[in-house]
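Colleague: Residues in the sequence shown are numbered consecutively from 1, following full-length UniProt numbering.
Sharing a structure here in structure tokens format.
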Amino acid sequence: MTFLSGIMKLSPIAVLVGLMMGGMDVLIAAPLATCWAAIMAYVTEKIKFNEIVDCSVENVKSMQLVFFILMFAYAMAAAFMATGVGAAIVNVALKLGLTARTVAVTGFAVTGILSIATGTSWGTFAACAPIFLWLSHIVGGDILVTVAAIAGGACFGDNIGLISDTTVVSSEIQKVEIIDRIKRQVGWAGLCFVLGAIGFYILSVVLNLPNDSTVNAASAIDAIPKEVWATLGQERPAAVDLLNQVKNGVPVYMVIPLILVIIAAAKGISTLACLSIGIISSFILGSFAGTTALPEFLELVKGGFSEAGQSVIVMMMWVGAFGGIMAKMKAFEPISKLVVRISRNVRQLMFWNGCLSILGNALLADEMAQIVTIGPIIKELVDDNVEGSEEAIYQLKIRNSIFSSSLGVFGSQLIPWHVYLSFYVAISNAVYPLYTFTPFSFIKYNIMAVVTVVSLLLLTLTGLDRLIPKFGLPREPEVRLKKKTNIKYDDKSCDEPMRASS
């Protein structure tokens, strides 16, 4: 009966996964799964309806701050795309000219920086794919290396960006401050970015791509067919504005809003304050540059608030209600027991949390669905099975949030049926009709995705993460699995326990 009860408690997860795999939108799947969770809570634990409503509402209440962060993040992303911040970043990077050998690594760098500024990997890819795919065509580059480079770079902002919805949501689920998380992961993320850039350049050399002819962005934009402009206008209107700004040019000082946001974040200023600095500075400088005016800018901010409210915030409310019910009936207890049973120490438990994130991403084929479905599971695994100081446990929660978004976003680049690759394939085929792209076109040379996913899991498992400043997990016995008080630890060992002699 206990086994059957455990299966019934986990069945809402199966319902959510099944609906998502069937192609149902998360805004429909989440409410249906929440209703099923409420039924299971009553059947298995006899939890009354009023209690179910109360625990759902209380869990949603705890997310109020993240709702404001998401609205401000979407508003800043819209402002950066429209006022010329994004175009200034692209133009600064392209002023030196490109060759077949450098077009991929330059595209990787530009999309990486732009994705941090805008907080959107999809928007960054849609804006940069027309530029760099046609640049690659003109200079004789390898189209598959280039498309993999800009795909990997576009995901970088979702890995470490202050305003990325995946970063915001995954941090909120694990109850960690976004600023704290970025400070701890910036060394590792930056190292992955550098290794990715080196990898793309070496690959270009190995493929013997020429290093002589150069071209500028305006030439590539002029080469874009009219039908491509029409497609972009339908799919991503903001990308059309950015392309026009890149072609016509914007003042170089329009990069200042991004610099101010980065400095503010480094100083430990709150996330909402950082976002406000970005929004206000982009308006002030955009007014001087002539790229925006007050009525137009207010509409941009309103549009950002509206976009967040129409999708992500509504989804978060339903997911919050779902998580509250699942926690009330202790639905994740069977998974918790299994992971603890196969884990000899905290580091192994954290490794399995990463594996669960990858598995959820593959099953759901949607990184946000993975974050909101698997995130509460790995949070509860740490909360229920690990003991240590408050600071040490907080570091484990930060790693969980990194698992959720980093393995969600970069893991998507290695899963052929993922919604991420479906979008990238559609955009690439639309803006560059001279080649037929498939999901494997992105997987073949996606160095950044491989480096990020593999390094995160291996560094967690082996303990080598301690070699990266601020990235190492706390070592045992500073943190330890509960109910293992008969284990002694060698101070010279990283994590491996020594059994006490009887």
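Virtual Cβ for every residue (Gly too), placed ideally from N, Cα, C.
Look at the alpha carbon of Lys337 and the alpha carbon of Val255, and state the distance between them as a whole number of angstroms.
Modeller: Cα to Cα, Lys337 sits roughly 50 Å from Val255.
Colleague: On the criterion of 16 or more Cβ atoms from any shown chain inside 10 Å, does Thr271 qualify as buried, or is it exposed?
Modeller: Classification for Thr271: buried.
Colleague: Can the beta-carbon of Ser121 be found less than 8 Å from the beta-carbon of Gly84?
Modeller: No, the pair does not count as a contact, with Cβ atoms beyond the cut-off.
Colleague: Run the CB neighbour count on Trp417, radius 10 Å, all protein chains shown included, and call it buried at 16 or more, exposed below.
Modeller: It counts as exposed.
Colleague: From the DSSP output, in three-state form, read off Phe3 for me.
Modeller: It is helical.
Colleague: Around the Cβ of Glu74, are there at least 16 other Cβ atoms within 10 angstroms (buried) or fewer (exposed)?
Modeller: According to the sequence provided, residue 74 is Tyr. The question's Glu does not apply to it. Buried, since its Cβ has 16 or more Cβ neighbours within 10 Å.
Colleague: In this structure, does DSSP put Val386 in helix, strand or coil?
Modeller: In the structure shown, Val386 sits in a strand (DSSP, three-state: E or B).
Colleague: Considering only the alpha carbon of each residue, which of Val252, Phe3, Tyr42, Val168 lies closest to Ser406?
Modeller: With distances taken between Cα atoms, Ser406 lies closest to Val168.
Colleague: Any contact between the region 65-73 and the region 225-242? By contact I mean 3 or more CB pairs, one from each, below 8 Å.
Modeller: The region 65-73 vs the region 225-242: no contact.
Colleague: Go through its chain and collect everything with a Cβ distance to Ser412's Cβ below 6 Å, but skip five positions before and after it.
Modeller: Closer than 6 Å at the Cβ level, and outside the excluded window around Ser412, lie Glu367, His418, Tyr420.
Colleague: Count the other CB atoms within 10 Å of the CB of Leu458; is the residue buried (16 or more) or exposed (fewer)?
Modeller: Per the 10 Å Cβ criterion, exposed.
Colleague: For Pro257, count neighbouring C-beta atoms within 10 Å of its own C-beta (all shown protein chains included) and say buried if the count is 16 or more, exposed if not.
Modeller: With 16 or more other Cβ atoms within 10 Å, it is buried.
Colleague: Exposed or buried, which one is Ile342 when buried takes at least 16 other CB atoms within 10 Å?
Modeller: Ile342 comes out exposed.
Colleague: Look at the alpha carbon of Lys482 and the alpha carbon of Asn400, and state the distance between them as a whole number of angstroms.
Modeller: When rounded, the distance between both Cα atoms is 18 Å.
Colleague: According to the Cβ coordinates, are Gly140 and Pro210 closer than 8 Å?
Modeller: In this structure, Pro210 lies closer than 8 Å to Gly140 by Cβ.
Colleague: Please tell me whether Ser56 and Ala369 are closer than 8 Å, where the distance is taken between their beta carbons.
Modeller: No, they are not a contact pair.
Colleague: Is DSSP giving Leu98 helix, strand or coil here?
Modeller: Residue state, collapsed to three classes: strand.
Colleague: Could you tell me the distance, in whole angstroms, from the CA atom of Val17 to the CA atom of Phe442?
Modeller: C-alpha separation (whole angstroms): 25 Å.
Colleague: What are the residues that DSSP puts in a beta bridge with Leu209?
Modeller: Its beta-bridge partners do not exist; DSSP assigns none.
Colleague: So, with DSSP's three-state summary, where would you put Met20?
Modeller: Reduced to three states, the DSSP call for Met20 is helix.
Colleague: State the Cα-Cα distance for the pair Leu98 and Ile28, rounded to the nearest angstrom.
Modeller: When rounded, the distance between both Cα atoms is 46 Å.
Colleague: Let me confirm a value: Asn446 is counted as buried when at least 16 other C-beta atoms fall within 10 Å, else exposed. Which label applies?
Modeller: Buried, because 16 or more other Cβ atoms sit within 10 Å of the Cβ of Asn446.
Colleague: Please state whether DSSP places Leu481 in a helix, a strand or coil.
Modeller: It is a strand residue.
Colleague: What is the rounded straight-line gap between the Cα of Ile269 and the Cα of Val206?
Modeller: For Ile269 and Val206, the distance between alpha carbons rounds to 44 Å.
Colleague: Considering Cα atoms alone, identify which of Gly152, Leu364, Phe351 is closest to Ala104.
Modeller: Among Gly152, Leu364, Phe351, the Cα nearest to that of Ala104 belongs to Gly152.
Colleague: Among Ala82, Leu356, Leu456, Ile398, whose alpha-carbon lies nearest the alpha-carbon of Phe297?
Modeller: With distances taken between Cα atoms, Phe297 lies closest to Ala82.
Colleague: So, for Ile116: in the same chain, excluding its five sequence neighbours on each side, which residues have a beta-carbon less than 6 Å away from its beta-carbon?
Modeller: For Ile116, where only same-chain residues beyond five positions count, the Cβ hits under 6 Å are Gly157, Gly161.
Colleague: Buried or exposed: Tyr253, going by 16 or more other Cβ atoms within 10 Å of its Cβ?
Modeller: It counts as exposed.
Colleague: Return the CA-CA distance between Gly23 and Val314, expressed in angstroms with no decimal places.
Modeller: Near 19 Å, if we compare the C-alpha coordinates of Val314 and Gly23.
Colleague: Ends of the alpha helix (DSSP H) at Leu285?
Modeller: Leu285 -> alpha helix (DSSP H) spans 271-289.
Colleague: Rounded to whole angstroms, what is the Cα-Cα separation between Leu203 and Val454?
Modeller: Going from the Cα of Leu203 to the Cα of Val454 covers about 19 Å.
Colleague: Classify residue 562 as buried or exposed, calling it buried when 16 or more other Cβ atoms lie within 10 Å of its own Cβ.
Modeller: Outside the modelled stretch of the chain, which goes from 1 to 502, sits residue 562, for which no answer is possible.
Colleague: According to DSSP, is Ala265 part of a helix, a strand, or is it coil?
Modeller: In this structure, Ala265 counts as helix in the three-state DSSP scheme.
Colleague: Report buried or exposed for Ser170, applying the criterion of at least 16 other Cβ atoms within 10 angstroms of its Cβ.
Modeller: Counting Cβ neighbours within 10 Å, Ser170 comes out buried, since at least 16 surround it.
Colleague: Is the beta carbon of Asn59 closer than 8 Å to that of Val250?
Modeller: No; because the gap between Cβ atoms is not below 8 Å, this pair is not in contact.
Colleague: Comparing alpha-carbon positions, which option in Ala38, Ser422, Tyr42, Val425 lies nearest Val319?
Modeller: The candidate whose alpha carbon is nearest that of Val319 is Ala38.
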